[in-house]
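Asks: Provided herewith is a single structure, encoded as structure tokens, for subsequent inquiry.
There are 2 protein chains.
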Amino acid sequence: MRWSEIETVPCPVAQAMAVIGDSWTVLILRDALRGATKFDEFQTATRASRATLSERLSHLVEHGVMEKVQYEAHPPRHEYRLTPRGRALQPVLMMLSHWSETHLPVKTRSTGRRHTTCGHKFSPMVTCSECGEAVTPETVSYDRTRIDAKG
Amino acid sequence: MRWSEIETVPCPVAQAMAVIGDSWTVLILRDALRGATKFDEFQTATRASRATLSERLSHLVEHGVMEKVQYEAHPPRHEYRLTPRGRALQPVLMMLSHWSETHLPVKTRSTGRRHTTCGHKFSPMVTCSECGEAVTPETVSYDRTRIDAKG
DNA sequence: AGGGTGAGTTCAGAAAATGAACTAACACGG
DNA sequence: CCGTGTTAGTTCATTTTCTGAACTCACCCT
């Protein structure tokens, strides 16, 4: 199966990858979440080629993760903004970054995440919406599990 | 910059992508977390080509996310198992899947996640390790933010 | 007129992915 | 011993995608 046909696979993870699974896309989202909006800003930050970046941004717009907004008419200038759907990826990126910081050989400075509500430096944790306790791989079950890609 | 050089970028997200950012890799991890261990199991579930799958599995082993274990000597047979580093990706995959289920047009059945500790169906939430309250994009700040890829 | 900026597009060459077939190393049944 | 089956790959010709550099367009500024 071709990677470009991944969108046809009826699995939530595959559907997510169809939208944000191409190379560079996660780095684009990282920068968007940090406030980047302009084409050249993304190009400098990600260092993807202009052609690839253009393709990826269009793809994200098509899938409702970002929107392309004209912010100046003369000369015509655009910026790319995260939609609510795009901003909802923040927890995913945060968990990914935290995994990287805690489980990969260190090649980066500590991120210094601070929770402004309580004022402390913190680690992001995944908890249960119902009881508030931590969720671990061992304490989750799935009512219907499908291993195969076809459904 | 070439995608294969992404590992040289000193940013946690880029480092994570260097390990799990290639196409198919996240689907391999999805299946590994569901209990897949054998080459052909991964091939059937992901539908990646055998060559690509072989390359990706080796890459994950190199980076300590999976290990290749001989489980039978005659004939020699191996299986791929998640290491602790690999299992630690479960929260990332869970948040990704949850994003897909809640923010993408539905093309899949609901996952039916249940927290065995409390017995309820639940949604995974990201909370602060210090105060236990929900973390949102608006309630996080970073002590040192770097937008550029160079550091 | 000449230079600069933002947002791309174009294109030839390089790199990576695909699918099908092939290999290896054995087990099993007859 | 022979043919078939299983697991785990490798090989390779073809197709697809990515890369970097240059180029375009539409303006503004001096």
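Quick mapping for you: the protein sequence lines, in order, are chains D and R. The numbering used here runs 68 ahead of the 1-based position in the first sequence. The numbering used here runs 68 ahead of the 1-based position in the second sequence. Positions of the beta carbon are idealized from the N, C-alpha and C atoms, including for glycine.
1) Closer than 8 angstroms, CB to CB, is D/His188 near chain R or not?
2) Excluding the 5 residues flanking D/Leu164 on each side, which residues of the same chain have their C-beta closer than 8 angstroms to its C-beta?
3) Identify, in the order they occur along the chain, each residue of the same chain with its Cβ nearer than 7 angstroms to the Cβ of R/Ala113, setting aside the five sequence neighbours on each side.
4) In the structure shown, what three-state DSSP assignment does R/Ala202 receive?
5) Comparing C-alpha positions only, which one of R/Val137, R/Arg118 and R/Arg102 sits nearest to R/Asp108?
6) By the DSSP assignment, the alpha helix (DSSP H) with R/Pro152 in it spans what residues?
7) Identify every residue that forms a DSSP beta bridge with D/Pro192.
8) Hey, D/Thr170 and R/Cys199: beta-carbon distance below 8 angstroms or not?
9) Taking Cβ-Cβ distances shorter than 9 angstroms, what residues in chain D pair up with R/Glu140?
10) D/Pro144 CB to nearest chain R CB: under 8 angstroms?
11) Please classify D/Ser168 as buried or exposed, where buried requires at least 16 other C-beta atoms within 10 Å of its C-beta.
12) If you reduce the DSSP assignment to three classes, tell me which class R/Arg149 lands in.
13) Exposed or buried, which one is D/Ser72 when buried takes at least 16 other CB atoms within 10 Å?
14) In three-state terms, what does DSSP make of D/Val77?
15) Would you say D/Gln83 lies against chain R (beta-carbon separation less than 8 angstroms)?
16) Measuring CA to CA, which of R/Leu97, R/Val87, R/Thr176 and R/Val160 is closest to D/Arg204?
17) Using 10 angstroms around the beta-carbon of R/Gly180, count the other beta-carbons present and answer buried if the total reaches 16, otherwise exposed.
18) From R/Thr195 to D/Trp92, what distance separates their C-alpha atoms?
19) Using a C-beta to C-beta distance shorter than 7 angstroms, which residues of chain R count as neighbours of D/Tyr148?
20) Roughly how many angstroms lie between the CA atoms of R/Ala82 and D/Leu97, to the nearest whole one?
21) In the DSSP output, what is R/Lys175 paired with across the bridge?
22) Since R/Gln158 meets chain D, which of its residues come closer than 7 angstroms, beta carbon to beta carbon?
23) Looking only at its chain, what residues have a beta carbon closer than 7 angstroms to the beta carbon of D/Thr151, apart from the 5 residues adjacent to it on each side?
24) Is there at least one Cβ from chain R nearer than 8 angstroms to D/Lys106's Cβ?
25) What is the DSSP secondary structure of R/His127, reduced to helix, strand or coil?
26) For a contact defined as C-beta to C-beta under 7 angstroms, what are the partners of R/His171 on chain D?
27) Could you check whether R/Arg115 and D/Ser209 sit closer than 8 angstroms to each other, using their CB atoms as the reference points?
28) What is the C-beta distance between D/Ala84 and D/Glu75, in whole angstroms, given that I count them as a contact (C-beta under 8 angstroms)?
29) Between which residues of its own chain and D/Val129 is the CB-CB distance below 8 angstroms, once the five residues before and five after are set aside?
30) Where does D/Lys218 sit, in a helix, a strand or coil, going by DSSP?
31) List the DSSP bridge partners of R/His183.
32) Would you mind reading off the limits of the beta strand (DSSP E) that contains D/Val137?
Replies: Put simply:
1) yes
2) Val94
3) Asp99 and Ala104
4) strand
5) R/Arg118
6) Pro152 to Arg155
7) R/Cys196
8) no
9) Neighbours of R/Glu140 on chain D: none; closest Cβ ~22 angstroms, over 9 angstroms.
10) no
11) buried
12) strand
13) exposed
14) coil
15) yes
16) At residue 204 of chain D the sequence reads Thr, which differs from the Arg that was named. Of the listed residues, the one whose Cα sits closest to D/Thr204 is R/Val160.
17) exposed
18) 28 angstroms
19) Ordered by position in chain R, no residue passes the 7 angstroms Cβ test against D/Tyr148, which lies about 15 angstroms from the chain.
20) 11 angstroms
21) R/Lys175 pairs with nothing; no bridge assigned.
22) Pro205
23) Gly132, Val133, Met134 and Glu135
24) no
25) helix
26) Arg153 and Ala156
27) no
28) Incorrect: roughly 10 angstroms between the Cβ atoms, too far for contact.
29) Glu135, Lys136 and Tyr148
30) Any reading at D/Lys218 is ruled out, since the residue's pLDDT is 35, under 50, leaving its predicted position unreliable.
31) D/Val208
32) Met134 to Glu140
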